[in-house]
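Here is the structure we will look at, set down as structure tokens.
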Amino acid sequence: MTLDASSLQMVKPERRLKRSDRSPLASIGLHAALVVASLVAVFPVFWVLVTSFKPDARAVETSPQLFNESSLDNYTRILGGEKGAFLTWFGNSVLIALLTTVIAVFLSATTGYAASRFRFPGKRSLLMSFLVVQMFPFAVLIVPLYNILIALGLQGSSIGLVLVYCTTAVPFCTYMLKGYFDTIPTDIDEAGRVDGLSPFGVFWRLVMPLAKPGLAVTSFYAFLTAWGEVAFASAFLSAADESKTLAVGLQVFVQQNRTEWGHLAAASILVAIPAVIVFYLVQRFLVTGLSSGAVKG
Amino acid sequence: MRRFLERHWYAYAMVLPVVVVIAVLVLYPLAQGVFFTFTNINEANIANPVLDRPASYEGVGFKNYLNVLSGDASYGAFWSTLVRTLIWTFGCVFFHYTIGLGLALLLNRQVKGRTLYRVLLILPWAVPAFISAFAWKYMFNAQYGIINQLLRAVGLPDPVWLGQSDWALFAVIVVNVWLGTPFMMVALLGGLQSIPGDLYEAAEVDGATPWQRFRHVTLPGLRSVSSTVVLLGIIWTFNMFPVIYLIAGPNPNTRILVTYAFERFFSGASRDYAVASTYGVLILSVLLVFATVYRRALRKQGEVW
Chain A
1 MTLDASSLQM
11 VKPERRLKRS
21 DRSPLASIGL
31 HAALVVASLV
41 AVFPVFWVLV
51 TSFKPDARAV
61 ETSPQLFNES
71 SLDNYTRILG
81 GEKGAFLTWF
91 GNSVLIALLT
101 TVIAVFLSAT
111 TGYAASRFRF
121 PGKRSLLMSF
131 LVVQMFPFAV
141 LIVPLYNILI
151 ALGLQGSSIG
161 LVLVYCTTAV
171 PFCTYMLKGY
181 FDTIPTDIDE
191 AGRVDGLSPF
201 GVFWRLVMPL
211 AKPGLAVTSF
221 YAFLTAWGEV
231 AFASAFLSAA
241 DESKTLAVGL
251 QVFVQQNRTE
261 WGHLAAASIL
271 VAIPAVIVFY
281 LVQRFLVTGL
291 SSGAVKG
Chain B
1 MRRFLERHWY
11 AYAMVLPVVV
21 VIAVLVLYPL
31 AQGVFFTFTN
41 INEANIANPV
51 LDRPASYEGV
61 GFKNYLNVLS
71 GDASYGAFWS
81 TLVRTLIWTF
91 GCVFFHYTIG
101 LGLALLLNRQ
111 VKGRTLYRVL
121 LILPWAVPAF
131 ISAFAWKYMF
141 NAQYGIINQL
151 LRAVGLPDPV
161 WLGQSDWALF
171 AVIVVNVWLG
181 TPFMMVALLG
191 GLQSIPGDLY
201 EAAEVDGATP
211 WQRFRHVTLP
221 GLRSVSSTVV
231 LLGIIWTFNM
241 FPVIYLIAGP
251 NPNTRILVTY
261 AFERFFSGAS
271 RDYAVASTYG
281 VLILSVLLVF
291 ATVYRRALRK
301 QGEVW
């Protein structure tokens with residue numbers, strides 16, 4: 001024990017020394033690189049924010065300024081419904097994204113758990129098929145899917161779209177969660193079984209709470225998949241204004257020869273807010289959740 | 001059979017919902033889509049339940065494949081589009097990976113404000129892709145875009161980015177690199193953190209230079225992470241549709257296989273489902289061949305995957 005403690009003490013100061021050992025020049029270089037990268041990452045979003053306060057006519061001036069007759073007019077007009085049923089689209093998108101997240105995460109958690117804990121015939125081909133499903137171009141699926149949704153009576157409805165999004169989200173989420181469940185020791189399962197829990201009880205009551213980082217990342221992924229999808233949404237939702245999602249509805253601002261940039265920017269900010277909130281809630285789990293997940297294969 | 005079911009009951013019950021959904025919504029549509037490629041189906045002859053019109057398309061054998069593979073311009077010039085798709089895919093994934101790895105290495109050090117940097121750097125991932133596409137389209141505008149403003153201010157030429165030239169392809173690659181780097185960065189950062197620190201210490205004791213440590217400790221430690229994310233990245237980028245479609249529209253200079261399939265599907269009065277599906281099947285075949293070769297190459301290097 002004493003040996004352990006002393007060797008630990010030996011290591012710690014040495015390590016700290018190494019950190020501060022970095023020359024000031026290297027430190028400056030490191031921070032400079034990170035600052036430049038962060039600026040590049042943030043600038044487009046910042047620029048949309050700046051533009052969102054400008055009137056459409058000022059947004060297309062050839063010498064851009066930070067403020068140019070800026071006001072909240074764009075926002076009030078969009079939220080007031082002058083530019084299409086924005087709040088209805090917003091509601092549709094929220095509903096579709098939340099349903100997709102809940103269903104996709106639940107399905108991929110059960111599947112990922114089964115793939116992580118049980119050996120069963122067909123497991124390998126199941127995991128392989130998830131990879132292959134990612135390769136499917138929607139162009140080949142879109143007509144048949146449309147027919148199926150009609151046959152199921154789900155064409156033009158949110159539920160149909162939720163199911164379609166699940167097929168894109170579930171394979172990747174399953175991969176991630178399987179990897180995450182692999183890092184949770186099986187002793188926990190065995191202890192639960194000894195205490196009389198069913199296999200499903202073990203999964204639901206013991207493993208799920210431990211898998212929070214993994215679940216956070218998969219929720220984030222599933223939410224974003226549904227929140228930002230354009231192609232299926234424009235193909236499958238009926239043309240009626242009130243069933244559109246945001247991704248489809250926002251295209252009213254982009255007309256053939258002229259784009260209402262000020263309004264589009266304001267609407268974009270409103271759309272980005274929920275995604276950024278979800279992102280902020282899960283971001284501290286992102287690295288751990290993702291690293292032990294899909295990326296280990 | 002009974003014992004078999006008894007033993008695997010739980011596993012199958014947990015997997016079943018996903019299998020059913022995927023079978024109904026992916027495999028069956030795929031089979032039907034493959035069938036469509038042997039017909040001349042389009043908007044005019046597809047069954048239309050609304051108009052109560054029965055289907056009247058006919059089988060045409062391999063005609064669609066012959067037309068597309070001939071590389072004829074009226075069928076999307078398949079081969080040159082394929083080359084452009086490959087430039088797009090490998091260009092994007094190369095920069096995703098190298099920039100992502102570079103940033104992950106920086107973030108993996110002890111830096112002040114690391115959490116803040118990380119949040120800012122992941123931000124492009126959190127913004128919905130169609131929003132980013134609009135933002136970049138605005139910034140790339142030739143007259144009032146901020147990018148050309150900056151170029152003019154420092155006296156550089158200001159090209160028409162999204163016009164009928166290869167600048168458009170360059171521009172969409174820039175946007176997609178911006179969009180896709182955070183995912184790679186986060187994945188690789190996780191990979192870096194899972195490399196045991198003793199390996200570096202041991203290497204240092206043995207007198208390895210920083211480059212040697214990177215080459216012989218970091219890169220091998222990232223092997224399994226990298227092989228998965230690169231494969232996923234290639235598959236995703238190959239089929240990446242919204243970025244190109246929303247930024248450049250139906251511009252032949254940015255046309256990749258999947259956007260052409262979509263153009264064929266949606267634009268024009270005819271809505272040529274048959275050719276769109278043919279493109280879809282060809283995309284899938286290219287990716288399947290690629291994934292098989294990729295896995296085989298990995299296995300040769302002794303990767304169990």
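Top line first, the protein sequences correspond to chains A and B. Number 297 marks the last residue of the first sequence (the UniProt record's numbering); no jumps. Number 305 marks the last residue of the second sequence (the UniProt record's numbering); no jumps. Where is the CB? At the ideal position from N, CA and C, for every residue including glycine.
- Of all C-beta pairs linking the segment 170-177 of chain A to the segment 124-131 of chain A, three or more are shorter than 8 Å, placing the two stretches in contact.
- In this structure Lys300/B is exposed. Its beta-carbon is surrounded by fewer than 16 other beta-carbon atoms within 10 angstroms.
- Counting only Cβ-Cβ distances below 8 Å, Trp136/B has contacts in chain A at Pro44, in chain order.
- Secondary structure of Arg213/B (DSSP, three-state): helix.
- Beta-bridge partners of Asn48/B (DSSP): Arg53/B.
- When Val18/B, Val19/B, Gly59/B are compared, the shortest CA-CA separation from Val34/B is found for Gly59/B.
- For the segment 275-292 of chain B, the residues whose beta carbon sits under 8 Å from a beta carbon of chain A are, in order, Ala276, Ser277, Tyr279, Gly280, Val281, Ile283, Leu284, Leu287, Leu288, Ala291.
- Residue environment analysis places Ile28/A among the exposed positions, since fewer than 16 neighbouring C-beta atoms fall within 10 angstroms of its C-beta.
- Distance from the CA of Arg223/B to the CA of Glu242/A, rounded to the nearest whole angstrom, comes to 49 Å.
- The Cβ neighbour count for Ser56/B, taken over all protein chains shown within 10 Å, is under 16; the residue is labelled exposed.
- Among the bridge pairs identified by DSSP, Thr39/B is matched with Gly59/B.
- Excluding residues up to 5 positions away in sequence, Trp178, Leu179, Pro182 lie with their Cβ nearer than 6 Å to the Cβ of Pro124/B in the same chain.
- Boundaries of the alpha helix (DSSP H) around Trp136/B: 129-139.
- The residue among Val50/A, Phe253/A, Leu281/A, Pro24/A with its C-alpha nearest the C-alpha of Ile146/B is Val50/A.
- Taking CB atoms only, Trp227/A has a neighbour in chain B less than 7 Å away.
- In this structure, the CA atom of Ile256/B is about 22 Å from the CA atom of Pro128/B.
- At least one beta carbon of chain A lies nearer than 7 Å to the beta carbon of His8/B.
- In this structure the segment 233-241 of chain B lies against the segment 278-289 of chain B, because at least three pairs of beta carbons, one per stretch, are closer than 8 Å.
- For the pair Met184/B and Gly102/B, the CB atoms are not nearer than the 7 Å cut-off.
- Of all residues in the segment 52-84 of chain A, only Ala59, Val60, Glu61, Thr62, Ser63, Pro64 place a beta-carbon less than 8 Å from a beta-carbon of chain B.
- The beta carbon of Phe62/B is closer than 8 Å to those of Phe38 in its chain, skipping five residues each way along the sequence.
- Considering only beta carbons, the part of the segment 24-37 of chain B lying closer than 9 Å to chain A consists of Val24, Leu25, Val26, Leu27, Tyr28, Pro29, Leu30, Ala31, Gln32, Gly33, Val34, Phe35, Phe36, Thr37, in chain order.
- Contact between the segment 144-164 of chain A and the segment 292-299 of chain B is absent: fewer than 3 CB-CB pairs across the two stretches fall below 8 Å.
- Two segments are said to touch when three or more pairs of C-beta atoms, one from each, lie closer than 8 Å; by this definition the segment 70-89 of chain B touches the segment 246-265 of chain B.
- Burial of Gly280/B is indicated by the presence of at least 16 other C-beta atoms within 10 angstroms of its C-beta.
- The beta carbon of Arg193/A sits closer than 8 Å to those of Pro199, Val202, all from its chain and outside the five residues before and after it, given in chain order.
- Less than 7 Å separates the beta-carbon of Ser219/A from that of Val105/A.
- Nearest C-alpha to Phe118/A among Ala247/A, Glu190/A, Ala265/A, Ala275/A: Glu190/A.
- Annotated three-state conformation of Thr259/A is strand, per DSSP.
- Counting the other Cβ atoms within 10 Å of the Cβ of Arg264/B gives 16 or more, which makes it buried.
- For Leu103/B, the nearest beta carbon of chain A is closer than 7 Å to its own beta carbon.
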